[in-house]
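The number in our numbering is simply the position in the sequence shown, starting from 1, with 56 added. Heads up, the beta-carbon is just placed ideally off N, CA and C, and yes, glycines get one too. Owing to the predicted nature of the structure, the values given are computational and were not obtained by experimental measurement.
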Amino acid sequence: MTRRDVSSLQTTSLKEPIMSTLTETAAVFTPRILPAAEAEAWAVSARQVIALPLTDAGVQDVIRLAPGEFAPLTGFPSEADYLSVLLDGKLRDGTPLHAPVTLAITQEQRRDITRGQLVALTDLAGRLIGRLEVQAVYPRREHAERLARGGKVEPLGARRQWLLGGPVDVVPQALKGAQRAAAEELFPWGLS
Numbered sequence: 057m058t059r060r061d062v063s064s065l066q067t068t069s070l071k072e073p074i075m076s077t078l079t080e081t082a083a084v085f086t087p088r089i090l091p092a093a094e095a096e097a098w099a100v101s102a103r104q105v106i107a108l109p110l111t112d113a114g115v116q117d118v119i120r121l122a123p124g125e126f127a128p129l130t131g132f133p134s135e136a137d138y139l140s141v142l143l144d145g146k147l148r149d150g151t152p153l154h155a156p157v158t159l160a161i162t163q164e165q166r167r168d169i170t171r172g173q174l175v176a177l178t179d180l181a182g183r184l185i186g187r188l189e190v191q192a193v194y195p196r197r198e199h200a201e202r203l204a205r206g207g208k209v210e211p212l213g214a215r216r217q218w219l220l221g222g223p224v225d226v227v228p229q230a231l232k233g234a235q236r237a238a239a240e241e242l243f244p245w246g247l248s
């Protein structure tokens, strides 16, 4: 086998699995956007459950999860996927992900949140963004995050040392608000 043959084998073997994985992921992902009637019902129910206020970056993560920008993720990762991304740069199923998408909470919030619980996700102003079905509560590995990101981790301090994992669903109004904000950022002089 010549050097050229080896080179073409390597190129082919690298491209095919990546492309098929991306194609399969796109084909099976279901957007995590609540239908209007379910969103209205959740808006009422959300008043009775724990609300987690998200930073602007957290809101953007949730908004990006909903249409599948982080597919195959349907929400915040389990502890096993979180660790796999930190150690190997990919999810357990082999999907590349350069950094984990996380939802960090405080010790006080941790005391009130259990697996199987639905929590309301809001922005800092209290507007409903969506919901999270808590499937995992696990400790944040800040040192491992720092190593995985080449030392570029914004420390959350001792306050937010727990992470939540589970699927998210977004209310349609949150997407409209995010689209409007993005348009205003791109076109500060107005859209009319």
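Within the region 104-158, complete alpha helix (DSSP H) segments of at least 4 residues are found at 112-121 and 135-144, given in chain order. For Arg-215, the secondary structure class from DSSP, reduced to helix, strand or coil, is coil.
Judged by DSSP secondary structure, Val-100 falls within the alpha helix (DSSP H) whose first and last residues are 92-101. Using a 10 angstroms sphere on the CB of Glu-201, the tally of other CB atoms reaches 16 or more, which defines it as buried. Counting only residues of its own chain and dropping the five nearest sequence neighbours on each side, Asp-112 has a CB closer than 8 Å to the CB of Asp-179 and Leu-180. The beta-bridge partner set that DSSP reports for Ala-176 consists of Ala-107 and Arg-187. Counting the other Cβ atoms within 10 Å of the Cβ of Leu-143 gives fewer than 16, which makes it exposed. In the three-state scheme derived from DSSP, where H, G and I count as helix and E and B as strand, Pro-87 is classed as coil.
Distance from the CA atom of Arg-197 to the CA atom of Gln-163, rounded to whole angstroms, is 15 Å. Taking all protein chains in view, the Cβ of Ser-101 is surrounded by fewer than 16 other Cβ atoms within 10 Å, so the residue is classified as exposed. The continuous alpha helix (DSSP H) containing Ala-204 extends over residues 198-204. Excluding five sequence positions before and after Ala-92, the CB atoms of its chain that fall closer than 7 Å to its own CB belong to Pro-228, given in chain order.
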